[in-house]
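The structure appears below as structure tokens.
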Amino acid sequence: MEGITNHDVWADNNNKAASPWSDNGVSSMLGSAISNLNMSETLESARANLTETIWGNTDKPSNDPGHDVAPTANFNDLNNAILSPRNSSNASEDDDDSQETLETWMKSVRKTYHPLELDIVSIEEIPEREGLLFKHANYAVKHLVDLPNTDPPKNRTVIRRYSDFLWLQEVLLKRYPFRMIPDLPPKKIGTQNLDPVFLSKRRTGLHKFINLIMKHPKLSKDDLVLTFLTVPTDISSWRKQASYDTSDEFTDRKISQDFVKIWRKDLADKWNETANSIDKLIDTWSKISILVDRHEKRMKVIANERNLMKTMIKEFGDMSKFLYPSETNPTILDINNGLSIINNHIDKTNEHIDNEIKESKEKVSPKFRIFTDILLSLKNVFERYRMMAANNVSILQKHININLEKLDGMKGKPDASGQEYERIKFTIQKDRKSMYEQSNRAWLIRECILEEFTIFQETQYMITYAFQEWVKLNSKYSGLILNEWESATDHALEMPLATD
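Residue numbers for the sequence shown follow our numbering, so the first one is 144 and each next one is one higher.
In structure tokens, the structure reads:
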């Protein structure tokens, strides 16, 4: 099998991605194959049993066009052959049925995720600080809706520290290593924790973290997440007394045959294309977000300069009497009155600018930043997949083949050791079992990642929402400011240009 690159996250090889496995009778087939490996089994029949056990086929693979692949085919080519071989006459029909079922599955999964819904958890910093040497901040974490199977305080509010959020992220990464778990804001220590700007940004980051989790269809139902939001006691104290499991979500699960049937090779291709482009996408979107933020800063500069302009206009009007004494030149009074009216319009335009900056900071910029957070969480899934989804299925298969040849060579030889024969047979049994477990886990990971990639498709509407709000904000305040300048123009045109 070909080696994998960092950009080919779903291709099978010895180190990275997993080999497929079907759930239909796999356990019984595995047990049968193990128990039937006896002294009279030929090398050919043993390999046939091995093929049936590992790939879930009911017939031996062959080079006949009616079979999809041989047992040595790579990951993406095994998509439809693992359950049963298909002949060429009905392959096209099966593909159509599979595609229709896949679309139904994806539509069902997407309906579970609603990233545009309102946030349901609020976080506020508590002014009083704790700690002898290093003061730390506490946060009032309040859920705004009823949470299932919980017994929260009457005010739905619990007190949490940054370290409690860190613990929650750590256990979620253990339980759901291939889910889109958001990042936390960075932690600072000592006097940096007293910086109000840093504390405000960290509170915003914690707010985004917990609300992204609560919008996730799987993470939001996790018992430790619900505990985090509802148990009134200190989390660190609760952890010392409670017993909780951090095993990953694949423990004691078997892949569904229905999912194996609907899997298609092009899904892996699309996933790899996304993995290859995710860094560039994050970079581009981050630059868009920066430009949105820069617009706010530019508007502040404009407002400051206009305030300075207003001050200078007033000072000039006050001093103009020394140039144009009103006793002999009363027209200057009308000009100064016109300048005062222009100053009033500058005040109003600055008021609009201040409101625009506030709305942009509160309503527009966060919509751009939250999408960056989601892109980063997807990228982290790619990276964890590369680091954690390794298996050695193909190596085990080679070992089994070698040991089967050894057994075949020992038959009919009177000097062959029965103890050695039993040892090799036991090794084959153990390797077969390990292949089953690893292949099953690999398929569960594939199902999990496809679920994540499917619900991620719903986030495309966040792009629409962000730009809708940005355009509406610019249109709204551009119109208001334009109205002020048109009114200022009317007044300016009334200022005298000549002596009557």
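By construction, the Cβ of each residue, glycine as well, lies at the ideal position given by its N, Cα and C atoms.
No experiment lies behind these values; they were computed from the predicted model shown.
query, result
"Determine the DSSP secondary structure at residue 286, reduced to helix, strand or coil.", "strand"
"Once the 5 residues before and after residue 628 are set aside, which same chain residues still bring their CB inside 8 Å of it?", "488, 492"
"Measuring alpha carbon to alpha carbon, tell me which residue in 621, 327, 299, 302 is nearest residue 312.", "327"
"Could you pull the DSSP bridge partners for residue 281 from this structure?", "269, 304"
"Please classify residue 192: is it buried, with 16 or more other beta-carbons within 10 angstroms of its beta-carbon, or exposed?", "Summary for residue 192: the model assigns pLDDT 46, below 50, so the residue's position carries little reliability; its value from the coordinates is reported in the next sentence. It is buried - the Cβ of residue 192 has at least 16 other Cβ atoms within 10 Å."
"Could you give the C-beta distance for residue 590 and residue 353, rounded to a whole number, given that I count them as a contact under 8 Å?", "Not a contact, Cβ separation roughly 26 Å."
"Pick helix, strand or coil for residue 374, following the three-state DSSP scheme.", "coil"
"Could you give the first and the last residue of the continuous alpha helix (DSSP H) run that contains residue 453?", "408 to 462"
"According to the neighbour-count rule (16 or more other Cβ atoms, all chains shown, within 10 Å of its Cβ), is residue 320 buried or exposed?", "buried"
"Counting Cβ pairs, one atom from each stretch, are 3 or more of them under 8 Å apart for the stretch 373 to 387 and the stretch 291 to 309?", "yes"
"Determine the burial state of residue 416: buried for a count of at least 16 other Cβ atoms within 10 Å of its Cβ, exposed for fewer.", "exposed"
"On the criterion of 16 or more Cβ atoms from any shown chain inside 10 Å, does residue 517 qualify as buried, or is it exposed?", "buried"
"With three or more beta-carbon pairs closer than 8 Å as the criterion, would you say the stretch 354 to 374 touches the stretch 245 to 256?", "yes"
"In whole angstroms, give me the CA-to-CA distance for residue 577 and residue 539.", "8 Å"
"Residue 307: buried (16+ other C-beta within 10 angstroms of its C-beta) or exposed?", "buried"
"Roughly how many angstroms lie between the CA atoms of residue 314 and residue 391, to the nearest whole one?", "9 Å"
"Between the stretch 426 to 435 and the stretch 498 to 516, can you find at least three pairs of beta-carbon atoms closer than 8 Å?", "yes"
"Kindly identify the DSSP beta-bridge partner or partners of residue 314.", "In the DSSP output, where bridge partners are listed per residue, residue 314 has none listed."
"Within its chain, find whatever has a CB closer than 8 Å to the CB of residue 606; leave out the 5 residues flanking it on each side and keep chain order.", "514"
"Restricting to Cα atoms, I'd like to know which of 580, 462, 637, 441 is closest to residue 484.", "637"
"Based on the DSSP secondary-structure assignment, which residues constitute the bridge partners of residue 264?", "286"
"Between the stretch 582 to 599 and the stretch 524 to 539, do three or more beta carbon pairs fall short of 8 Å?", "yes"
"At which residue ranges does the stretch 498 to 561 contain complete alpha helix (DSSP H) runs of 4 or more residues, listed in the order of the chain?", "508 to 531, 536 to 553"
"By alpha-carbon positions, which one of 244, 602, 536 ends up nearest to residue 583?", "536"
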